[in-house]
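Visitor:
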Amino acid sequence: MSEDLLTFFGRFHPLWVHLPIGFLVLAVLMRAYGDWKKSERFSEAISFSLLLGTVSAGIAAILGLLLSQSGGYEGNLLDIHQIGGWATVLSSGLAWWMSQTGQKFSKKVQYTVLGLLLLVLSVTGHYGGSLTHGDDYLTAYAPFGEKTETEARILNSVEEAILYTDVVQPILKNKCSSCHRPGKAKGDLLLDSFESLAKGGENGEVILAGNAEKSELIRRVTLPESHKEFMPAEGKKPLTADEIKWISWWIEKGNADSKLLLTQTEPELIAWAEPRLNLLQTSTQQTSKADTAQLAGLKKLGFRVRVLSHENGALDVVLPEEMAQGKSAELIQSLIPIKDQIHWLSLANTGIADKDLAAIAEFTNLRRLRIENNPITDQGLASLQSLIKLEVLNLNGTPITAAGLSNLRTLKNLQSLYLWNTGISSTDPALNQWEAGKVKVVGDR
Amino acid sequence: MSHHHDAPLRSSNPDLHEIEKKMDRRRFLTRTSLGIGSLALGSLMGMEKIFAGNSLVTPPSPESVLADLGLPHFMPKAKRIIYLFQSGGPSQLDLYDYKPKLVDLHGQELPDSVRDGQRLTGMSADQSSFPMAASAFKFQQYGQSRAWVSELMPKTAEIVDELCFIKSMQTAQINHDPAITFFQTGHQLPGRPSMGAWLSYGLGSDNQNLPAFIVLVSKDAVQDQPLYARLWGNGFLPSQYQGIQFRSGKDPVLYLGNPENYDGKDRREMLDYLKSLNEVQHDTYGDPEIMARIAQYEMAFRMQTSVPEVTDMSKEPDWVYELYGEESRDPGTYAANCLLARKLIEKDVKFVQLYHQGWDQHGNLPGGIRNQCQKTDQATAALIKDLKQRGLLEDTLVVWGGEFGRTVYSQGTLTADNYGRDHHPRSFTKWMCGAGVKPGFIHGETDDFGYNVVKDPVSVHDLQATILHLFGIDHERLTFKHQGRRFRLTDVEGHVVQNILT
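Top to bottom, those sequences are chains B and S. Adding 1 to a residue's 1-based position in the first sequence gives its number in the working numbering. Adding 64 to a residue's 1-based position in the second sequence gives its number in the working numbering.
#1: Should G255(B) and L164(B) be called a contact, given that it needs their Cβ atoms to be closer than 7 Å?
#2: Give the secondary structure of F505(S) by DSSP, where H, G and I count as helix, E and B as strand, and everything else as coil.
#3: Quick one: is the Cβ of P400(B) within less than 6 Å of any heavy atom of the ligand ATP?
#4: Please report the straight-line C-alpha distance between R470(S) and R366(S), rounded to a whole angstrom.
#5: Is there at least one Cβ from chain S nearer than 7 Å to T283(B)'s Cβ?
#6: What in chain S is Cβ-close to R307(B), meaning under 8 Å?
#7: Name the chain S residues that come within less than 7 Å of A447(B), Cβ to Cβ?
#8: Is the CB of E160(B) under 7 Å away from at least one CB in chain S?
#9: On a Cα-Cα basis, can you pick out the residue from N279(B), H134(B), V90(B) and T133(B) that is closest to L122(B)?
#10: Please state the DSSP three-state secondary structure of A211(S).
#11: Is the beta carbon of A96(B) less than 7 Å from the beta carbon of L51(B)?
#12: Please classify W251(B) as buried or exposed, where buried requires at least 16 neighbouring CB atoms within 10 angstroms.
#13: Among A325(B), I343(B), L332(B) and P338(B), which residue has its Cα nearest to the Cα of R307(B)?
#14: From H539(S), K165(S), F544(S) and K545(S), pick the residue whose C-alpha is nearest to that of E226(B); which is it?
#15: Which residues does DSSP list as the beta-bridge partners of Y419(S)?
#16: How about L418(B) and L394(B): are their beta carbons less than 7 Å apart?
#17: State the Cα-Cα distance for the pair A364(S) and R311(S), rounded to the nearest angstrom.
#18: Considering only the alpha carbon of each residue, which of K38(B), A28(B) and T293(B) lies closest to G94(B)?
#19: Please state whether the Cβ-Cβ distance between D424(S) and D288(S) is less than 7 Å.
#20: Taking N256(B) as the query, report the chain S residues whose CB atoms sit under 9 Å from its CB, ordered along the chain.
#21: Check each candidate in G508(S), Y473(S) and L408(S) and name the one with the smallest Cα separation from L280(S).
#22: Counting only beta-carbon atoms, is Y165(B) nearer than 7 Å to chain S?
#23: With DSSP as the reference, label G106(S) as helix, strand or coil.
#24: Would you mind giving the Cβ-Cβ distance between Q272(S) and S258(S), rounded to the nearest angstrom? I have them listed as a contact below 8 Å.
#25: Give me the Cα-Cα distance between L396(B) and G405(B), rounded to the nearest whole angstrom.
#26: With DSSP as the reference, please indicate the residues paired to T461(S) in a beta bridge.
#27: Please classify K148(B) as buried or exposed, where buried requires at least 16 other C-beta atoms within 10 Å of its C-beta.
#28: For Q234(S) versus P521(S), is the C-beta spacing smaller than 7 Å?
#29: By Cβ distance below 7 Å, which residues in the same chain neighbour A405(S) in space, the five residues on each side in sequence not counted?
#30: Against chain S, which members of the region 373-403 of chain B pass a CB distance test of less than 8 Å?
#31: I want to see whether chain B comes within less than 7 Å of P136(S), judged by CB atoms only; does it?
#32: Where do the ends of the alpha helix (DSSP H) carrying S57(B) lie?
#33: Quickly, what does DSSP pair D317(B) with across the bridge? List them, please.
#34: Which term fits Q572(S), buried or exposed, when burial requires 16 or more other beta carbons within 10 angstroms of its beta carbon?
#35: Could you check the C-alpha separation between F364(B) and I271(B) for me, to the nearest Å?
#36: Could you tell me which of S335(B), W421(B) and V207(B) sits nearest to T402(B), measuring between CA atoms?
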């Protein structure tokens, strides 16, 4: 028989398997019904049904074997399904033999065998289903299953975003509504709408406009996790520090106003919330995480890449000195597809020059940049103006001068600037205004 | 023997064929009813993760482990850590915890109300009197933070504005072995993974060419209390996560060079074939230690080039040796280890663990501690300065301290210029510095006797939770299932000390 023909027959497996399930379940039901009615009149039908079940299960198992050999199926699920299939054949065969042999078995034994048969059948069926439809097919929409995070409503632009509806509510929905929702409402508290949130629960109001600290909602989520009143309870995923911070902001500074627009709040909050909004044209690219294949590719090129946080997919990328070897310009180009995910970048000792920094100018999400010990001059620094989120900049061992520093004026978030071994003396007056602006400048020893 | 092994392994070797067919009792039981039953139940209840570590499940790759655990859980501040472990229990009363009132109380009996019935060690419990001893050393305030430092640590005094002192450390252990074990593994009994092993398990390695966790033990210390490899062991974690101890000498890792008359050219091929053999074994038995062994062979191969490179001190200019002290020219000393630690950190080694023994001054404390400080003070301060100017303190955490403190009362006779101090777990000082920790900050306070903590106590688990937090790890969610229970570094305790974080 050719392999194609085997596959052809194998593919009847998903159809055929329903046959033994029907026969066997029917047999068990007849048995139960008969015992309930205290009647023996089904016994022959039960035996026949079990025989059909055994034979059809055997055929199903053989077809299944053919199907598995045609490829595309492997792993634990398959192993279990396969063993389960044969176990079904054996247990149904055993049940049939017991039903027709002259020997008398106690009810206990008979029920055990039938129970086992049902169990094996269910397990096998479940794994078969998982193989065909994916392992979360059954649980994905089950009431107890983990659902994927609810998508926020779609917006055309940031201007439309409402702080409560598009930022606060999705957090509450995500973290709280598994218990505080219509149908469950723990503590008589619903968190599915502004009205119900404002109404509070059995212990009264949970938010106090203008006073986050006194708000029960904030108090409960900021308790030590071990506290019995800590929310979310039962080890569910707690709110992150940022989430708490901005909900508090909404209650306190935003006066718990359900209509307040996001753009009427403060820049830091907007910056935090924007990538979390469901914007239409967007920058979904910006927030999407780099996929593992991309990262593996970069590692092959010699980069050290690691995920800084699974919360936001931020990356730390290092180009080691020994891998750069005069290829740094072209290696930097290979980072461009993931430039928005890179928060920390080190190109120290890689021989990059001013023109390479022009490429870095697009890496606007950078928080920490190490470009020390490279032939970078004042001109190159001009490219860094766009990196407004930069917090740490290491320019040690570069031939820059105090004049070049004026290029960095735009870096409002800068906290540390390293200028050791540069053309800038640590007593240079140009540094005074930096230090006055609370930037830590580390110069010569 | 042929140098080409293109044929698929499984069919090529009859011995392996036999092994593959073998089914022992354990395999039979796992493969049949028990296995199916429990797996089915687990799957139905959506608890597949419980079976991580079950031999039926192929051990996942380190990256996928991290992704599964969602590590790091949030944005980290620290990328690497240097832990300067001062083994033996340095006397906080003679270094950082200045207690001026003791001068007047010198020689007086420790009030019972202060000791409060605390159990002492067998070494001083039967003393007929417990005379309090003021420090023989002068203290002075330094820097903008006005931190008190004794004259024993003149160089550290220069950098206090970088340091975050925790004066309220507490431990549950009163003897060296359990106390160090507690600090390094989160439990006083041996067998748990060390903090470095947890970090390298939880975060992987940044530089594939060097171990993520390297241990350096000073050769120039008084070796009064022993150290054991289990303090940097992997416990029940796969063994590739254990710390690698570099030898204290010219050749930090032995046998990295090729033997005589062997050019090493076919080593890659040899290792590849060995790896494929090991993989067949792993497929057969599912023992995760086989994967660990493969990883270790590969690491050793890469270390043949990376270790000589990173330990090459010839390119360090003279001013560096002047900064760290002349002893730093002698490999294996504390000073040289501090310098090497900086070099390893530059190569993105995640965890460098230094040990310096000899702080166990039960008697003759003034002389002993002076000697200890002379060996360590300059290099410790130099390391901080060096890391700072290079910008490495931004993402490197440095921790200094021992396993417990020392008593205010003198062990043995108190004389005009001599005293000893016994182990004291109730209060002692540690400092942290760098990534994400407040510089020039003092956390916690002890009473006038330096005996009890009166403000903001920090437990060993709190410190561990805080260190993990700085690495972006929620200490309650970095767990490993072993013998039916999920374990974590902080056991069932630990709170992040938010107050010391920037």
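The beta carbon of each residue, even a glycine, is placed where N, CA and C say it ideally should be.
Guide: In this structure, then:
#1: In contact: G255(B) and L164(B) (Cβ atoms closer than 7 Å).
#2: When DSSP states are grouped into helix, strand and coil, F505(S) belongs to the strand group.
#3: Of the ligands one can find in the structure shown there are none, so the ligand ATP has no counterpart to examine.
#4: Distance between the alpha carbons of R470(S) and R366(S): 44 Å.
#5: Here the model assigns T283(B) a pLDDT of 43, short of 50, so the residue's position is not dependable, and the following value carries that caveat. Not closer than 7 Å to any Cβ of chain S, the Cβ of T283(B) fails to qualify, so no.
#6: Per Cβ cutoff of 8 Å: L267, G268 and D270.
#7: Since the displayed chain B opens at 2 and closes at 446, residue 447(B) lies outside it and no answer follows.
#8: E160(B) does not count as touching chain S.
#9: Ranking N279(B), H134(B), V90(B) and T133(B) by Cα distance to L122(B) puts V90(B) first.
#10: Here A211(S) sits in strand by DSSP.
#11: Contact annotation: A96(B) and L51(B) have beta-carbon atoms nearer than 7 Å.
#12: A residue is called buried when at least 16 other Cβ atoms come within 10 angstroms of its Cβ; W251(B) meets this threshold and is buried.
#13: The residue with the shortest Cα to Cα distance from R307(B) is I343(B).
#14: Ranking the options by Cα distance to E226(B), first place goes to H539(S).
#15: DSSP, once it has assigned bridges, lists F149(S) and V281(S) as partnering Y419(S).
#16: Contact flag set, yes.
#17: Going by C-alpha positions, A364(S) is about 15 Å away from R311(S).
#18: The option with the nearest alpha carbon to G94(B) is A28(B).
#19: The answer is yes: Cβ separation under 7 Å.
#20: Within chain S, no C-beta atom comes less than 9 Å from the C-beta of N256(B); the nearest is roughly 27 Å away.
#21: Measuring from the Cα of L280(S), the nearest candidate turns out to be L408(S).
#22: No, Y165(B) does not count as interfacial toward chain S.
#23: With a pLDDT of 47 at G106(S), under the threshold of 50, the predicted position of this residue should be treated as unreliable, and no value is reported.
#24: Not quite, the Cβ-Cβ distance comes to about 21 Å (not below 8 Å), so this is no contact.
#25: When rounded, the distance between both Cα atoms is 11 Å.
#26: First, the residue type needs correcting, since residue 461(S) is Leu and not Thr in the sequence shown. Paired residues: I145(S) and G498(S).
#27: Residue placement at K148(B) is flagged as unreliable, the pLDDT there being 46, under the threshold of 50; a coordinate-derived value is accordingly withheld.
#28: Taking 7 Å as the Cβ cut-off, Q234(S) and P521(S) qualify as a contacting pair.
#29: Answer for A405(S): I146, L280, V416, L418 and L447, listed in chain order.
#30: If the cut-off is 8 Å between Cβ atoms, the region 373-403 of chain B has E373, V393, N395 and N397 near chain S.
#31: Yes, its Cβ sits closer than 7 Å to a Cβ of chain B.
#32: Following the DSSP letters along the chain, one finds S57(B) inside the alpha helix (DSSP H) bounded by residues S44 to Q70.
#33: Bridge partners of D317(B): R307(B) and W345(B).
#34: This structure cannot speak to residue 572(S), because chain S is shown only from 65 to 566.
#35: Roughly 20 Å between the two C-alpha positions.
#36: Taking T402(B) as reference, the option from S335(B), W421(B) and V207(B) with the minimal CA-CA separation is W421(B).
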